[in-house]
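To start, the structure itself, in structure tokens.
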Amino acid sequence: KLFGANMRPAKVYEPAHVLIDEVMRWLDGVKRPFFAWAHFMDVHWPYHLEEELSTPEEIAQAWKDLVHLHEVNWQDAAITPQQKRHYIDLYEKAIEYTDAQIGRLLDYIDSSPFADNTMIIVVSDHGEEFLERGYWGHVEINLFDEILRVPLIMQLPGQKEGKVVSQQVRTLDIMPTVLDLAGCELPEKVEGISLTPLWNGRPEKYDSPISLSERWRDNTHVVALRTEAFKYIWDSEKPDTPQLYDLLTDPKETRNAIADFPEQAQQFQAHVDAHLARVAETTTFGDVNEPDLDESVINRLRDLGYVE
Numbered sequence: 003k004l005f006g007a008n009m010r011p012a013k014v015y016e017p018a019h020v021l022i023d024e025v026m027r028w029l030d031g032v033k034r035p036f037f038a039w040a041h042f043m044d045v046h047w048p049y050h051l052e053e054e055l056s057t058p059e060e061i062a063q064a065w066k067d068l069v070h071l072h073e074v075n076w077q078d079a080a081i082t083p084q085q086k087r088h089y090i091d092l093y094e095k096a097i098e099y100t101d102a103q104i105g106r107l108l109d110y111i112d113s114s115p116f117a118d119n120t121m122i123i124v125v126s127d128h129g130e131e132f133l134e135r136g137y138w139g140h141v142e143i144n145l146f147d148e149i150l151r152v153p154l155i156m157q158l159p160g161q162k163e164g165k166v167v168s169q170q171v172r173t174l175d176i177m178p179t180v181l182d183l184a185g186c187e188l189p190e191k192v193e194g195i196s197l198t199p200l201w202n203g204r205p206e207k208y209d210s211p212i213s214l215s216e217r218w219r220d221n222t223h224v225v226a227l228r229t230e231a232f233k234y235i236w237d238s239e240k241p242d243t244p245q246l247y248d249l250l251t252d253p254k255e256t257r258n259a260i261a262d263f264p265e266q267a268q269q270f271q272a273h274v275d276a277h278l279a280r281v282a283e284t285t286t287f288g289d290v291n292e293p294d295l296d297e298s299v300i301n302r303l304r305d306l307g308y309v310e
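Structure (structure tokens):
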């Protein structure tokens with residue numbers, strides 16, 4: 003069951019407390035093994051919680067904040083230390099609110115009949131930039147760690163105590179982990195690796211693969227490769243000037259150290275070249291066949307303004 007991703011265009015998103023209520027109502031009727039995804043958007047900019055939008059003045063201020071952040075990103079507008087603190091305060095308040103609502107769901111599960119047979123995963127799809135590279139949010143082609151590093155918290159069925167894993171893992175590994183714990187066979191083309199060896203005392207079985215991230219904007223394609231020691235960034239607009247960061251001595255990625263590590267740079271570039279070749283081989287351009295849509299789908303697309 004998917005929660006929180008079907009609310010547009012009437013609302014940008016439902017607040018977390020509404021979403022959690024919906025999830026718990028659905029779980030009340032569950033009679034068989036289930037998979038549920040709850041998609042929280044409260045921490046996404048413009049960060050204003052529903053409770054802060056109860057008066058015309060509060061709504062007007064929220065619009066002003068949103069317009070200002072767009073101007074900061076696209077028109078080089080100034081931002082004062084006070085404004086920056088204001089936006090970060092909103093962001094942190096949204097995190098606290100979302101955390102409390104997730105806590106409600108965890109309490110519900112703890113008191114449910116399936117408490118000891120349920121896996122819980124809390125993860126984010128991206129981080130947030132607060133002007134580290136001159137932008138706010140995640141609007142630009144930024145593949146630095148303030149965007150790429152995200153929380154990943156997993157509670158396993160029957161787990162009695164926690165464990166911190168410092169090894170680099172990938173969100174790509176979540177799906178194979180879920181299938182592994184559910185006793186399902188992994189599809190042949192799955193790229194991720196199950197994380198179960200990391201808490202079963204066999205970390206050597208998880209071979210800390212290189213993490214690959216990429217973004218496109220217009221005609222620009224940026225690829226980042228990350229290990230625990232290095233970050234390599236290749237930009238299609240500047241293919242001859244890639245960036246290599248030594249994460250052990252420069253965790254904030256402030257100095258391009260590619261001249262210091264030519265061998266590592268060459269190895270990373272070989273990975274990039276192989277990835278670009280795979281993309282070119284599996285991506286097709288040209289005429290697209292007309293989809294066979296039934297009348298109800300066409301009517302929904304028409305209501306959304308996608309077709310005439």
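Under the working numbering, think of the first position of the sequence shown as 3, with each following residue one higher.
Backbone N, C-alpha and C define an ideal beta-carbon position, used for all residues, glycine too.
Here the structure is a predicted model, which means the values were calculated and not measured.
1. Report yes if the CB atom of A62 is closer than 8 Å to the CB atom of D44, and no otherwise.
2. Going by DSSP, what residues sit across from E94 in a beta bridge?
3. Can you give me the start and stop residues for the alpha helix (DSSP H) that W76 sits inside?
4. Taking 7 Å as the limit between beta carbons, can you name the residues of its chain near R172, skipping five residues before and five after?
5. Evaluate P11 with the Cβ neighbour count: other Cβ atoms within 10 Å of its Cβ, from every protein chain shown; 16 or more gives buried, anything less gives exposed.
6. How far does the beta strand (DSSP E) with F232 in it reach, from first residue to last?
7. Could you check where the alpha helix (DSSP H) with I149 kicks off and where it finishes?
8. Can you tell me which of L246, W218, P244 puts its alpha carbon nearest to the alpha carbon of V281?
9. S238 and T256: beta carbons closer than 8 Å?
10. When the Cα atoms are used, what is the spatial distance from P115 to L183?
11. Do G139 and E130 count as a contact pair if the criterion is CB distance below 8 Å?
12. Would I111 and A117 qualify as a contact pair, given that the criterion is a beta-carbon distance under 8 Å?
13. Tell me, to the nearest whole angstrom, how far the beta carbon of Q103 is from that of I155; I am working on the premise that it is less than 8 Å.
14. Cutting at 6 Å between CB atoms, please list the residues of its own chain near Q157, excluding the five before and the five after it.
15. Which same chain residues, not among the five before or five after P153, have their C-beta less than 8 Å away from its C-beta?
16. Cα-Cα, which of L197, S215, E216 is closest to Y208?
17. Go ahead and pull the three-state DSSP assignment for V171.
18. For N8, does the count of other Cβ atoms within 10 angstroms reach 16, so buried, or fall short, so exposed?
19. Throw me the rounded Cβ distance for the R334 and L107 pair, which I believe falls under 8 Å.
20. Please name the residue, chosen from H273, C186, I235, that lies closest to P211 on a Cα-to-Cα basis.
21. Quick one, are the C-beta atoms of P159 and N202 less than 8 Å apart?
22. Which whole-angstrom value describes the C-beta separation of D252 and A259, a residue pair presumed to lie in contact below a C-beta threshold of 8 Å?
23. So the beta strand (DSSP E) W218 belongs to, where does it begin and stop?
24. How about E60 and E52: do their beta carbons lie closer than 8 Å?
25. Can you check which of these residues, V225, W39, G185, I176, is closest to L278 by C-alpha distance?
26. One question on the structure: do Y247 and F270 come within less than 8 Å of each other, judged by their Cβ atoms?
27. Give me whichever residues DSSP pairs with V124 in a beta bridge.
28. So, A80 versus Y49, is the Cβ gap smaller than 8 Å?
29. Between which residues of its own chain and W47 is the CB-CB distance below 7 Å, once the five residues before and five after are set aside?
30. Are the Cβ atoms of Y89 and D67 separated by less than 8 Å?
31. Mind checking D275: buried by the 16 CB within 10 Å criterion, or exposed?
32. Considering only DSSP beta bridges, list what T222 is partnered with.
Reading off the structure:
1. no
2. Answer by DSSP bridge pairing: none, since E94 is not bridged.
3. 58-76
4. G194, S213
5. Because the pLDDT of P11 is 34, which lies under 50, any placement of that residue in the model is unreliable, and the question is left without a value.
6. 232-237
7. 147-150
8. W218
9. no
10. 19 Å
11. yes
12. yes
13. 15 Å between Cβ atoms; not a contact.
14. I122
15. V124, V125, S126
16. L197
17. coil
18. Any reading at N8 is ruled out, since the residue's pLDDT is 45, under 50, leaving its predicted position unreliable.
19. Only positions 3 to 310 of the chain appear in this structure, which leaves residue 334 out of reach.
20. H273
21. no
22. 7 Å
23. 213-219
24. no
25. V225
26. no
27. I155
28. no
29. L71, G139
30. yes
31. exposed
32. R219
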